[in-house]
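J.: For reference, the structure I am asking about is given below.
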Amino acid sequence: MATNQNTKASNNDTLAVIQDDPYLTPYKDALLHRRELFSKWIDAINTNEGGIDRFTRGFETFGFTIDETSGVITYREWAPNAIEAYLVGDFNNWNRNLHKMTKNQFGVFEIVVAPIDGKPAIAHGSKVKISLVAPNSHERLERLPAYIKYATQDLSQSPVYSAIFWNPADEYVFKHPQPKRPKCLRIYESHVGISSPEGRVASYTEFKNNVLPRISYLGYNTIQLMAIMEHPYYASFGYQVTNFFAPSSRCGTPEELKALIDEAHRLGITVLLDVVHSHCSKNVLDGLNQFDGSDHGYFHEGPKGRHELWDSRLFNYGNHEVLRFLLSNLRFWLVEFKFDGFRFDGVTSMLYTHHGMGTGFSGHYDEYFGPQVDLESVTYLMLANHIMHKLHPHIVSIAEDVSGMPTLCRPVEDGGIGFDYRLAMAVPDMWIKLLKEKSDDEWDMGGITHTLTNRRWKEPAIAYAESHDQALVGDKTLAFWLMDKEMYDYMSDLSALTPIIDRGLALHKMIR
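Pasting the structure below:
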């Protein structure tokens, strides 16, 4: 029963994080307040939703659900600002008045679509939308369902994505068990779309057949898949998400992504999703922005709901339905696609009201506690880590944080935020800085050793030489910094290595 999944935080004022790090003692009240906020949400979920298991299965209640026996389709959508809503699509010739939905006291619209001849009235692969009526102006707002599981783009028609009703008769069935969580992660960061040597977007199937065997051969035990959640702007590398429950259709279908993950599991490879819950695309017609005509909805209203640097919207993590949406999104990728965990993008932006913009972190603990900390975001991350680990103990959660927030990778029960690992982001920055600014004889061995070993006690970190942040976003790979254009002409087995190539290969091996 769902009540068996209920979880409750301890009321004990003793915090293990303070026992392990006495420098946290002056911030005990802040840590206890953080845990109190977490406990209140857990209690509210248990009381109002029947437990964390039910609450995080929003994808089985919202969006489209299909009774496989009867063929009945139920569609639910949270749009509190709208006064009316209609389901439209190919199935009713886009009649905007035929399938009117009913609204409950919580702002949730619902409609039950009866089957035709015992089969679902909406055909698999057909297009659908929700047509909302705004208050006052009574303007019609055509939107993609928030929980849609597949969306496609036809540039010959429009750059705006279309929502696709996904109900395949031959749904993929996983064949291989998920591997045990590795004791030591060796992560291969992957972008399926750019994995082809050709000048086109590669597919999930091509990645499965051509790239996975090489990753396995090289000895990696984990892959981190970038740009999976649907994003219209391809150049964003997947960081401007519009459809959170839909895998990117540029690379194939949901079933083909499942086959990729299943093959990775056969090879003993753990698969992590690069999840983007730190912000959301500002797209209106195919995203969540102004979904029901309001400026808020899933987001904060006004400047608080906008990220100036990323030009995107910021979630309201203190809203009940937003929490359902985001926590259910995590659960969806774990349950439906068998992902083994997450790399949370942009955690620094979430932790602080200043989002890390124009801020340097010296390491003084005052920087990590006080009014600059976004407690709603911190509480969401605590809930996400605690609940997902409670329901799926094998998963891995990794935080991308540059601030050095203490307790980030300590269990919630100890007074932490609950991540398993943090990315040691100072390490790749150090290597790039050395290669850019220092000659070999100027390398400071003491400084290198300090950066490589600078970890918070009991907070595991993942050290790495480079990632897309260094190799793609306004910079170049370590190999190019070391060998540059000589790689094109002087790396043949048929000729002797030049001094630049010889040095470059040696240092590249050492760094890795």
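Take 248 as the starting number for the sequence shown in the numbering used here and just add one per residue.
Note that the Cβ used here is the ideal one computed from N, Cα and C, for glycine as well.
As the structure is a prediction and not an experimental result, all values here were calculated from the model.
Pick out whichever of N456, L507, H512 and I470 has its Cα sitting closest to the Cα of Q425.
T.: Counted from its first residue, the sequence shown places residue 425 at position 178. Cα-wise, what sits closest to Q425 is H512.
J.: Should T227 go down as buried or exposed, given a rule of 16 or more other Cβ atoms within 10 Å for buried?
T.: Here the chain comprises residues numbered 248 to 759, so residue 227 is not present and cannot be evaluated.
J.: Quick check on the burial criterion: 16 or more other C-beta atoms within 10 angstroms. Buried or exposed for Q266?
T.: The residue labelled residue 266 in the question sits at position 19 within the sequence shown. The residue in question, Q266, is exposed, as its Cβ has fewer than 16 Cβ neighbours within 10 Å.
J.: For A237, write down the residues that DSSP places opposite it in a beta bridge.
T.: It is not possible to answer for residue 237, since the shown part of the chain is limited to 248 through 759.
J.: Which ranges does the beta strand (DSSP E) cover as unbroken runs of at least 3 residues, wholly within the segment 274-341, from first to last along the chain?
T.: Note on the segment 274-341: whole beta strand (DSSP E) runs with a minimum of 3 residues are 310-313, 320-325 and 331-336, in chain order.
J.: Y467 to T312, Cα distance in whole Å?
T.: Along the sequence shown, one-based indexing puts residue 467 at 220. Along the sequence shown, one-based indexing puts residue 312 at 65. C-alpha separation (whole angstroms): 38 Å.
J.: Y333 and N344 - do their beta-carbons sit closer together than 8 Å?
T.: In the sequence shown, counting from the first residue as 1, residue 344 sits at position 97. In the sequence shown, counting from the first residue as 1, residue 333 sits at position 86. Yes, the Cβ-Cβ distance between N344 and Y333 is below 8 Å.
J.: Apart from the five residues just before and just after L581, which ones in its own chain have a Cβ nearer than 6 Å to its Cβ?
T.: Taking the sequence shown and counting its residues from 1, the one referred to as residue 581 is at position 334. For L581, where only same-chain residues beyond five positions count, the Cβ hits under 6 Å are H639.
J.: Got a sec, what are the start and stop residues for the alpha helix (DSSP H) L794 sits in?
T.: Any answer about residue 794 is impossible in this case: the structure gives the chain only from 248 up to 759.
J.: Classify P269 as buried or exposed, calling it buried when 16 or more other Cβ atoms lie within 10 Å of its own Cβ.
T.: Reading the sequence shown from its first residue, position 22 is the one you call residue 269. Label assigned to P269: exposed.
J.: How big is the Cα-Cα spacing for Y435 and L699?
T.: One-based indexing of the sequence shown puts residue 435 at position 188. One-based indexing of the sequence shown puts residue 699 at position 452. Their Cα atoms are separated by approximately 20 Å.
J.: Under three-state DSSP, which class holds T595?
T.: Here residue 595 corresponds to residue number 348 of the sequence shown, with the count starting at 1. Correct three-state label for T595: helix.
J.: Report the residue from E357, I377 and L535 whose alpha carbon sits nearest the alpha carbon of D337.
T.: As a first step, residue 337 must be located in the sequence shown, where it is residue number 90. Per the Cα distances, I377.
J.: Here's the rule I'm using: 16 or more other beta-carbon atoms within 10 Å means buried, otherwise exposed. How should C431 be labelled?
T.: On the sequence shown, position 184 is the one that residue 431 refers to. Result: exposed.
J.: In chain order, what residues of the same chain have a beta carbon less than 7 Å from the beta carbon of Q619, not counting five sequence neighbours either side?
T.: Along the sequence shown, one-based indexing puts residue 619 at 372. Cβ within range, chain order: Y599, T600 and H601.
J.: Can you check which of these residues, A493, S739 and L507, is closest to E453 by C-alpha distance?
T.: The residue given as residue 453 occupies position 206 in the sequence shown. That would be L507, whose Cα lies nearest to the Cα of E453.
J.: Measuring alpha carbon to alpha carbon, tell me which of S463, D417, L577 and A743 ends up nearest E510.
T.: Counting from 1 along the sequence shown, the entry for residue 510 is found at position 263. Of S463, D417, L577 and A743, the residue nearest in Cα terms is S463.
J.: Taking DSSP as the reference, what is the three-state secondary structure of A256?
T.: Numbered from 1 along the sequence shown, position 9 holds the residue referred to as residue 256. In this predicted model, A256 has a pLDDT of only 43, less than 50, meaning its place in the structure is not dependable enough to derive any value.
J.: Classify Q404: buried if its beta carbon has 16 or more other beta carbons within 10 angstroms, exposed otherwise.
T.: Here residue 404 refers to the residue found at position 157 of the sequence shown. Looking at its Cβ environment, which holds fewer than 16 other Cβ atoms inside 10 Å, Q404 is exposed.
J.: Name the residue from L284, R390 and W341 whose alpha carbon lies nearest to the alpha carbon of F310.
T.: Counting from one through the sequence shown, the residue named residue 310 turns up at place 63. Contrary to the premise, residue 310 reads as Gly rather than Phe in this sequence. Among L284, R390 and W341, the Cα nearest to that of G310 is on R390.
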